[in-house]
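Engineer: One point on numbering: in numbering that gives the first Met the number 0, the residue at position 8 of the sequence shown is 7, and numbering is uninterrupted. Don't be surprised by glycine CBs; every beta carbon is placed ideally from N, CA and C.
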Amino acid sequence: MKSIKFKIILPIVVLTLLFVGKLILWDFPISTGKRSGNLVKLSKKGKILKTWEGTMDLGSGDLLTFDFSVRNNELANEMYNYEGKTVSIYYEEYLAGWPWETKYNVVDWSQKNKTKSSASQGKTTVESSSQALSLLNKTMFCSTIGTLYSDQSLYKQVKEHLKKNNLYLYRQIDKCND
């Protein structure tokens, strides 16, 4: 009787521990951020599981490079045309990457303008948007956007402001409808 219970309970405990470990290592980002630099390469790699892998030069040649993965094919195809150009990428960092990809997953990107904006235009930093997204989960963010929707002029102003100043948050609005 003890042996039968052990044979049933042990696999359940092991599977539960494996599932929780998978969630902790690969499904919950430990940080989000932004990096800007020259997009050196973006290529689809792998023999069986093909993934988009890229490298960005952060400003000092080979000494300071940033390797990343792009899980979204549409996003990777957009970025592919900007190799050799200065871009900003928004990413999520995971505790560990899958064996075939890095632990940094790109969730959005924008082409970096060559001209510097003036201080009077304001400066949106990834730290503030990352903190905002960390504090407000998707439900809270979408609820806030939903309350603005009743006043169309305000909704459009906020949307335009985000489009100009924070492309990452702007694209999150479309995800609220998913």
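Which whole-angstrom value is the C-beta distance of Y189 and Y89, which I expect to be below 8 Å?
Structural biologist: The requested residue 189 is not part of the displayed model; the chain covers only 0 to 177.
Engineer: Here's the rule I'm using: 16 or more other beta-carbon atoms within 10 Å means buried, otherwise exposed. How should V12 be labelled?
Structural biologist: Label assigned to V12: exposed.
Engineer: What residue from S35, K49, S142, L63 has the CA that sits closest to V69's CA?
Structural biologist: The residue with the shortest Cα to Cα distance from V69 is K49.
Engineer: Quick check on DSSP: helix, strand or coil for D150?
Structural biologist: DSSP places D150 in coil when its eight states are reduced to three.
Engineer: Any heavy atom of the ligand GDP closer than 8 Å to the CB of L17?
Structural biologist: Inclusion of the ligand GDP in the displayed structure is not the case, the ligand content being empty and no account of it being possible.
Engineer: Mapping the DSSP letters down to three states, classify K162 as helix, strand or coil.
Structural biologist: K162 falls in the helix class under three-state DSSP.
Engineer: Distance check for K155 and K84, CA to CA, integer angstroms please.
Structural biologist: Each residue's Cα considered, the two are about 31 Å apart.
Engineer: What residue does the beta strand (DSSP E) around E91 start on, and which one ends it?
Structural biologist: Here the beta strand (DSSP E) through E91 covers 85 to 93.
Engineer: Could I get the ranges of all uninterrupted beta strand (DSSP E) runs contained in the segment 13 to 75, with 3 residues as the minimum, in chain order?
Structural biologist: Here the runs fully enclosed are 28 to 44, 50 to 56, 64 to 69.
Engineer: Within this structure, are the beta carbons of V106 and T31 separated by less than 9 Å?
Structural biologist: Yes.
Engineer: What distance in whole Å lies between the Cβ atoms of V86 and L41, which are believed to be in contact at a cut-off of 8 Å?
Structural biologist: With a Cβ gap of about 10 Å, L41 and V86 do not count as contacting.
Engineer: In the DSSP assignment, find the beta strand (DSSP E) that holds N104 and state where it starts and stops.
Structural biologist: Element bounds for N104: 103 to 110.
Engineer: Among the candidates E52, A75, S149, N72, whose CA atom is the shortest distance from the CA of T101?
Structural biologist: Residue E52 is the option with its Cα nearest to T101.
Engineer: Using 10 angstroms around the beta-carbon of L161, count the other beta-carbons present and answer buried if the total reaches 16, otherwise exposed.
Structural biologist: Classification of L161: buried, given that the 10 Å Cβ count is 16 or more.
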